[in-house]
Every structure is written in structure tokens, then in C-alpha cells.
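Residue numbers for the sequence shown, in the working numbering: 32 to 607.
By construction, the Cβ of each residue, glycine as well, lies at the ideal position given by its N, Cα and C atoms.
Notes to accompany the following structure.
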Amino acid sequence: MNPKYFLSLSLVFLILSFSFSEATVRFVSKSGTSTPPYTSWQTAADSIRKCINVCNFGDTIYVANGIYKERIDMIPGLTLIGAGMDSCIIDTRQLSTPYYSMRTYDGCYVKGFGIYCRNASEGWGVYILNSTMEFCKIQEASLGIDAGTSQNESTHIYKNIVNNVWNGIVCEGKPVISENIISALITALTSQINSSPTYYNNIINGNNSDVGFYDALGFVSKLNSNQFVGSGNYTFWSYGNDSITNNIVYGTDGNWGVGMIGAGSKATNNHFQNNNTVLYYDQPGGSPQILKYNNLWENGLNAIYTTIDSTNIFNNPMFVNADSMDFHLQKYSPLIDAGDPNILDKDGSRSDIGIYGGPFGESYKYLDLAPRAPINLTAVVDTNTISLFWNRNTEADTSFYKVYRDTVINFTIDSTKLISSSADTSFIELNPHNVTKYVYKVTCVDKQGNESEPSTEVVVNITGVENYPQLISDYQLYQNYPNPFNPNTIISYRLKERGYVKLYVYDIKGELISVLVNRDQEAGFYQVEFPSIGNGLPTVPNNSNLASGIYIYQIMIRSERDIPVFTEMKKMVYLK
């Protein structure tokens, strides 16, 4: 064949092939005429499925606001873009089950849909294979997203919201799961057998859920810079030699039961707070977990069937505002540059502990904020003196305290009302004879001179000395008040020195009713309410379950050397 003729035919073939394969933009809208091939808003299809049926690999479909009650099966290479997760809805709740509300295949891209599957115990939301999904909301499903790959990291799940589901995201292969918000009743993240997903910068909201992350014998899952907040049984349930780095486990509205259970995995640069137990080694499951360069704060037990090594620290993290889930570190936080020295922050310095440290974190300016207001301000009064006690602030840069006094409730602190500045967490003054009431507030000042907001004020009625605990310079368990009680009562106790405190309530048969306290506490005066709800410990759910009668409360205190130093019990009466 003539070479020139062959070249001409080849060029014609390529041009024809390109023209046939050129991607087409199509539209779906409830207000269109539904005229194929749906290439304008005026002729837009009234159904997503209708539009998909005329599509080819590489086409793009734009979907207008509306509710589309249909199941979506995408073809490979299709782009499907909705008008927004709150206004462009795929609703399969009235269709038959079991099914996926949406299935995507090789090379698909999905964005901007709200997907309602069935309910929290039936139906599966989205099956996604070698594709990308972002800015979608999946709700009311037994499984939110089933993410799989047949190629390395070819599935990306990014900035989606998954809530009101039994299971959040289940992974096969090597998908990348990032910056999603997940609320699941059973398990938020699951790595299936032989999978190796990467999870980073996700927010897991536990609401008395079962598990935050579960590894069902995968290869190696990587979890970086994720937040696990709320409450549940287990945060990390892992047997897969997983790498758990720069995450935060922060219990709210009750605790996480166990921060990390299983065997074999490695946890580095994480912050664990408000866990009943941080580390539980499941001995038959394999070798012990490796826990290094983490911060453990305000937990119950640190470890069961294993030990915590010396690279871990136990400090107030000094977050900017944990109540609003702002886990940036303040300027003098002990978590700064306290991570694994082999892991670097984005600015090249040694890694911070927490979600903003490490390679998936961020560079930011550390703020120098005032300390938290002192808590548990309490008055102890006798005939000669008024004694104030409060909990010591745990910020690393705490310096001293200021005590303010007035004779009116809700007073505003200023220099004219300042009566003491001291590093002590107590203040004693003579009982005056010319006034009938004093009102006190305390602030904390750090080493840079920043002063906290004032504590909750305490009112001392000088004529009511008998209503206050008497000054005791030793361990003491006080009689509850009121007694008899209904619906609640306050149990007070005092610690001479720092120790591990257990405060239990039993019924008259000796059956355990509630664990009110089970943790280390500093020296000082404490009060706890019974019944107590939401502390993550065994407790009566509310006083409606209490029978009238006598109850026993017992305190047991062990010193820092783990030696029993004080035990006492008292009776109280509940009347319906």
C-alpha cells in the first residue's frame, strides 16, 4: 500500500474515532422537556436514569434541584454533578430492598447529592469502585458507602457527610477516605479483609456507637489526623498492624469505653482523653500494640494486659477550645514538638501530638490564650474562719490565682475587690462579725499575665455555718445533702493529697448501683451528684429507677504509691 495513502486513511480514522468519542454534556431537571439527547436545560431529562441510558464513557451530567425517586446505576467514566447535597436529592426510601441507592464503576465522578437510602437498618447507600465521590450526604442506610478498588488508591471519598446509618464507610482494596464527617450507630470506618485504606482528616461523631474504626484482618490501614469525638464502646478495634498517627480521641457526653483494643497495631502522636481505658491488649489476637509518643489525659485506666512506655506523656493538652472541637494547640501546650522525633510537621519541625501535627496536619500560629476559669470553688466554714478551696489549673503555664470578694451576688471583679494573690489553691480568712454574707470568685493568671474569666461564685452566709462542711486537714467523706433526698443529692469529700479515688453507690443488698468516681484526683474538696448521668461509668439511668430505701456510698482512696490510705462509707435515704 502506498505509504501516503495509508497515512491519510489513518488520519481519517483517528478523526472519526475522536468525533465519536468526544464527551457530551447533558442535563437533568424536573422542568425540562425530557427530549433526548438532553443536551440543554430546556430539553433536560426528567430522570437521571433516562439521561444515563443515552450516555457514553466520558460524558458529564448536570442535575438540577429536585427529588429524584430512583436508583442510580452509572456507566464507567461518567461524571454526575448535582446542584447540592441539601437540594438535589436521590430518594430510594420507598423502593424495594435490599439494594444500593447508587452504584458507580471505573472512572466515575459524583458530586453534590443528598442520598436517602431506606432507614438505619435496611438498604445500602453507595457502592463506589475505582471512582471519586465528594460533597455528598448519605443518610438512612444500613451501610453508607461501600468503597472498593481494583487499582492502587483509585477510589477517593472526600468531604462527604454520612449520618443516621448503622455502618459508615466500609473499604476494600486501597481507597483514600478524607475529610468526611461520619455518624454511625455501629461502626464508622471498617477495613475489610486484605484491604489497605488510608483515612485522614475525617471527623467521627460517636453517639453511644459501638466502634469508631474496625480492622477485619486487613493488611495495613493508615489513620492520620482523624477526630473521634463523642462516646462509644471502642475507638480503634484493630488487629491488622495498622498505623494510627496524629489522631484525637476525645470523649464527650459520656466516655469512649476503650481507646484502642486488639493487637499488633502501632499508635503514635495521638491524644486520648475521656476514655475508661486507653489501651486493651487482646492477648490471643497477636503481639501487643505499640503505643509511643502519645498524650493520655483524664482517662480511667491507662492499660490492661500491657504497659505504657515512658515516651507517652500525661498532660493537659491546652487546646484552643475543646468544647467547640477546636483542637489547635495553644502557645505553651506541652504537646508541641512532643511527638515521635522521626515524624515532622509541615514546617519541618518535630511533630506535635494531635491532629494538626505530622504530614497531614497544618502550619498555624499558636495563640497565647488566658487559662480556663478555676473550677469547684467551695467554701468550708467554722466559727472562726472561712476557707476557700478550688481545683488547681492544669495548664502548663499556670502561675497564680486571684481571689475576689464582695457582699452582693453576681458582682463584677475589679482591683477594688481583690483580696489575695497566691499560687495556693486555697484561701483562709477570719470569719467577720460585721457582715452576714460574703460572695467569692477566683481567677487564674498564667506566666504571661493572662487572666482567666472568674470561677462560678460561691456565696457564704455567715449566719449559716452549720450548713457548710467543717474544715478538715485530712481525708474526709461527708454526709450527703439533702438527706433524705428526691430527686438528687450531693456527696462531698476531701483529699489530703493526690490519689486514685473510687466512689461507689450500693443498694441495701450490696448490689452496685453506680460508679460516681473512678480516677486520679488532686488534693482538694470535691462534690458529685447522685444519680449521675452521662459520665460513661456504670450508673442508674435516672432516679425513676431508684426504689425508695437506704443506699450506701463508699469512698476508697489509694496514694500515688498505690497504697490504700482512706476508706469510708455512709448511708443515705431516697424517698419517692
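Three-state secondary structure (DSSP) of residue i
i	result
C139	coil
S579	coil
V351	strand
Q585	strand
P562	coil
S50	Unreliable placement is indicated for S50, whose pLDDT of 38 sits below 50; no coordinate value is reported for it.
Q314	helix
T443	coil
R57	strand
N84	helix
I459	strand
K448	helix
I406	coil
I79	helix
I159	strand
I493	helix
N573	Low per-residue confidence applies at N573: pLDDT is 47, beneath 50, and the placement is therefore not dependable, though the value from the model is reported in the following sentence. Coil at N573, not helix or strand.
T438	coil
K478	coil
I594	coil
D538	strand
T467	coil
C167	coil
R134	strand
Y324	coil
R525	strand
L502	At L502, the pLDDT of 46 sits below 50, so the modelled position is not reliable; the number obtained from the coordinates is stated separately. The answer is coil: DSSP assigns L502 none of H, G, I, E or B.
K607	coil
M600	strand
R149	coil
T123	coil
G567	Only weak support exists for where G567 lies, its pLDDT of 37 falling under 50; the coordinates are left without a value.
Y397	coil
T338	coil
R423	coil
S262	strand
S380	coil
8 Å contact criterion, which residue i and residue j should meet: CB distance rounded
i	j	result
G156	C119	Not quite, the Cβ-Cβ distance comes to about 15 Å (not below 8 Å), so this is no contact.
L366	D383	6 Å
V596	I586	Incorrect: roughly 11 Å between the Cβ atoms, too far for contact.
Y471	S523	In fact, because the Cβ distance is near 18 Å, the residues do not count as touching under 8 Å.
T425	N347	4 Å
N612	G290	Outside the shown range of the chain, which is 32 to 607, sits residue 612, and nothing can be said about it.
D7	K527	The shown model of the chain, from 32 to 607, leaves out residue 7, and the question about it has no answer.
A608	V59	Residue 608 is absent from the model: the chain starts at 32 and stops at 607.
Q361	L398	6 Å
Q304	N330	7 Å
CB contact flag (residue i, residue j, <8 Å)
i	j	result
N333	N300	no
V260	Y281	yes
S457	F431	no
E271	S240	Correcting the residue identity first, residue 271 is Gly in this sequence and not Glu. No, these two residues do not count as a Cβ contact at 8 Å.
V196	S227	no
Y131	M105	no
E203	G179	yes
N198	G175	yes
G113	V94	yes
G89	A54	yes
Q223	F358	no
R381	G392	no
A294	G316	yes
F345	W328	yes
I208	I200	yes
When the options are compared against residue i, the one with the closest alpha-carbon
i	options	result
R592	S162, G385, D551	D551
I594	R529, Y557, G243	R529
S453	N278, V56, R423	R423
Y531	E553, N514, I539, E393	E553
R102	G89, S545, I121, T342	I121
K533	Y582, T474, E599, P518	E599
G63	N306, S78, I159, T55	S78
T429	G480, T447, E393, K607	G480
Y605	S545, N517, S590	N517
Y231	V242, L254, Q223	L254
V309	W268, S318, D273	W268
K205	A219, L220, H187	H187
Between the segment 208-221 and the segment 183-191, do three or more beta carbon pairs fall short of 8 Å? yes
Whether or not the segment 407-414 and the segment 371-386 are in contact is what I'm after, with contact meaning three or more pairs of Cβ atoms, one per stretch, closer than 8 Å; do they touch? no
Counting pairs of beta carbons, one from the segment 509-522 and one from the segment 455-472, are three or more of them closer than 8 Å? no
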